[in-house]
Amino acid sequence: MIRLIFLLSAALLSACSIIGSTRTAMIDEILGPNIFEPVCIGRYQMDMPKGYELTDMTFGSHNLLGSFVKQQSKTAQFPGFFEGDTRQIQWIDWVEKKFEKIADRKPSLAYKKAGENYQITSSHFLYKPESDPTDMLSTYVYKDFPSISKSVGLIGKSSKTIYNRKHTPYYKPFYDRFLELIPGVVSLYKHLPWPHNQLGVCLTKDITFNTARAAEDEYLRVIYRFREKTFFQFYIQAYARDQHTELHDEISSKLGALSLFASDYFNFGGRTGKLFLSGDVYSPTATRFRWYATDAVAGSTQKPFISIEGRVDINDFPELKVLNNIDSNAIALSLLASFQPRENGLVGTR
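Okay, here's the thing in structure tokens:
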């Protein structure tokens, strides 16, 4: 048995009200079973129930994007993890299938490089060659982690390699610059078992993007699921200096869509945000929660936009269900209160 500290002593939002009333939390300290453990979420960490399942982990930085889970769908946008002795062959097959889909555009090899535990291949093709010729690249990266017999496939952001010949006829220097930076970025993906206090973005219990300086395009989406109905979804997006309007629109759309639900401002992880709680349409014993950081700053990697959404069903926590004053609201809010920057996680942000 361990002491679970519930940090919420001021107000607990009504789970079903659409008026905005609040009620006082009756929970301060409760003896309960040890069913939680700290889990890394990028530059942050949060307590999760033991036995959770990581179902989505998408990360992007320095114009490379990738999924850090094993993909179950053949039509998935990202290749995800490859495992076993044939993992490099699996990645090559995946890339070849991608190139087959654009065979009608007659792609030609633009760049190929292999180094220690990585491989890069990039093909150039011309889009709308007759009406509006536009040069584009399809770039795929293989990163191997031999110590855990896993590899991951990354994709270069196509939006960063689109050049219309009417406006940019001399596009090749831009391609050279884009491609020559990739090996250095790939080297930052390292096998660093969690828990640890290393710099950068912790992606899974095995892999961290070990960078000393956060990029302006840092992006993270994470989904954890637990038992039947409980899940937590995290979305963390840094906005560049010239994206003030986009950031404002993001926050406004989130808050506006839920304006009728009970809400209040809560600080989680040193960030100020607005929390919405509501009953779940499909389960009367569950709570839906949504928290959005309202203090996000464009041009700041230390204050990116953060969204935490999910559902907690008390029936997924039989160990706590028998305790007094414990419901889905209390569990959701106590876990949200554990959200915090991990040690050294924000080093290199600004």
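Residues -27 to -1, 1 to 323, numbered by mature numbering (1 follows the signal peptide of the UniProt record, and there is no 0), are exactly what the sequence shown covers, in order. Ideal Cβ positions, reconstructed from N, Cα and C, are used throughout, including at glycine. Keep in mind it's a predicted model, so treat the numbers as computed, not measured.
What is the residue span of the alpha helix (DSSP H) that D117 lies within?
-> As a first step, residue 117 is located in the sequence shown; it is residue number 144 there, counting from the start. Element bounds for D117: not the alpha helix (DSSP H) but the beta strand (DSSP E), T107 to F118.
Close Cβ partners of W167 (< 7 Å) along its chain, the five nearest in sequence each way excluded = For this step, residue 167 is matched to residue 194 along the sequence shown. Excluding residues within five positions, the ones whose Cβ falls inside 7 Å are C13, C175 and K178.
Please report how far the alpha carbon of D66 lies from the alpha carbon of P52, in whole angstroms.
-> For the purposes of this step, residue 66 is taken as residue 93 along the sequence shown, with counting starting at 1. For the purposes of this step, residue 52 is taken as residue 79 along the sequence shown, with counting starting at 1. The straight-line gap from Cα to Cα measures roughly 11 Å.
V42 to I196 span [Cα, whole Å] = Along the sequence shown, read from residue 1 onward, the residue named residue 42 stands at position 69. Along the sequence shown, read from residue 1 onward, the residue named residue 196 stands at position 223. The alpha-carbon atoms of V42 and I196 are separated by roughly 11 Å.
Can you name, in chain order, every residue of its own chain whose Cβ lies under 6 Å from the Cβ of R263, other than the five neighbours on each side?
-> On the sequence shown, residue 263 is found 290 positions in, with the first residue counted as 1. These residues qualify, in order along the chain: F249 and E282.
Per-residue burial, Y255 [other beta carbons within 10 Å of its own, 16 or more giving buried] = Here the question's residue 255 lines up with position 282 in the sequence shown. Counting other Cβ atoms within 10 Å of its Cβ, Y255 stays below 16 and is therefore classed as exposed.
Just the C-alpha distance for S307 and D105, rounded to the nearest angstrom, thanks.
-> As a position in the sequence shown, residue 307 is number 334, starting the count at 1. As a position in the sequence shown, residue 105 is number 132, starting the count at 1. Here the C-alpha atom of S307 lies approximately 55 Å from the C-alpha atom of D105.
Looking at the structure shown, is F147 part of a helix, part of a strand, or coil, going by DSSP?
-> In the sequence shown, residue 147 corresponds to position 174, counting from 1. In the three-state DSSP reduction, F147 falls in the helix class (H, G or I).
With C-beta atoms as the reference, is I93 less than 8 Å away from V125?
-> Walking along the sequence shown from the start, residue 93 turns up at place 120. Walking along the sequence shown from the start, residue 125 turns up at place 152. No, they are not a contact pair.
In or out: Q18 buried (at least 16 other Cβ within 10 Å) or exposed?
-> By one-based count along the sequence shown, residue 18 stands at place 45. Burial of Q18 is indicated by the presence of at least 16 other C-beta atoms within 10 angstroms of its C-beta.
Under the rule that 16 or more other beta-carbon atoms within 10 Å means buried, what is E191, buried or exposed?
-> Taking the first residue of the sequence shown as 1, we reach residue 191 at position 218. Residue burial annotation: E191 is buried, with at least 16 other C-beta atoms found within 10 angstroms of its C-beta.
Relative to the C-alpha of E69, which residue among E56, G57, F54 and S95 is closest?
-> Residue mapping note: residue 69 aligns to position 96 of the sequence shown, counting from 1. From the listed residues E56, G57, F54 and S95, the smallest Cα separation to E69 is found for S95.
Looking only at DSSP bridge pairs, what is W264 linked to?
-> Within the sequence shown, numbered from 1, the residue matching residue 264 stands at position 291. According to the DSSP secondary-structure assignment, W264 is paired through a beta bridge with L248 and I281.
Looking at R244 and I279, is the spacing between their C-beta atoms short of 8 Å?
-> The residue you call residue 279 lines up with position 306 of the sequence shown. The residue you call residue 244 lines up with position 271 of the sequence shown. At a Cβ-Cβ threshold of 8 Å, I279 and R244 count as neighbours.
Keeping to the same chain, check which residues put their C-beta closer than 6 Å to that of residue 327; ignore five residues upstream and five downstream.
-> Given a span of -27 to 323 for the chain in the structure shown, any question on residue 327 remains unanswerable.
Is it buried or exposed for T274, if we count other Cβ within 10 angstroms and need 16 for buried?
-> Walking along the sequence shown from the start, residue 274 turns up at place 301. Label assigned to T274: buried.
Of the residues Y212, V285 and P156, the one placed nearest A188, counting alpha carbons only | Start at 1 with the first residue of the sequence shown, and residue 188 comes out as number 215. Nearest of Y212, V285 and P156 to A188, Cα basis: Y212.
Rounded straight-line distance, which links the Cα of S40 to that of L4 = Within the sequence shown, the letter at position 31 stands for residue 4. Within the sequence shown, the letter at position 67 stands for residue 40. Residue placement at L4 is flagged as unreliable, the pLDDT there being 48, under the threshold of 50; a coordinate-derived value is accordingly withheld.
Buried or exposed: which applies to T260, given that a residue is buried once 16 or more other Cβ atoms fall within 10 Å of its Cβ?
-> The residue given as residue 260 occupies position 287 in the sequence shown. Buried.
Starting from T48, follow the alpha helix (DSSP H) in both directions and report where the run begins and ends.
-> If you number the sequence shown from 1, residue 48 lands on position 75. First-last for T48: undefined, no H or E at that position.
Thinking just about the alpha-carbon of each residue, which of F207, S236 and H221 is nearest to the one in R16?
-> In the sequence shown, the residue the question calls residue 16 occupies position 43. Among F207, S236 and H221, the Cα nearest to that of R16 belongs to F207.
DSSP-derived helix/strand/coil call for S104 | To locate residue 104, count along the sequence shown from 1; it is residue 131. Annotated three-state conformation of S104 is coil, per DSSP.
Examine the Cβ distances between the region 128 to 139 and the region 55 to 62 and report whether three or more of them are shorter than 8 Å.
-> With fewer than three CB-CB distances shorter than 8 Å, the region 128 to 139 does not count as touching the region 55 to 62.
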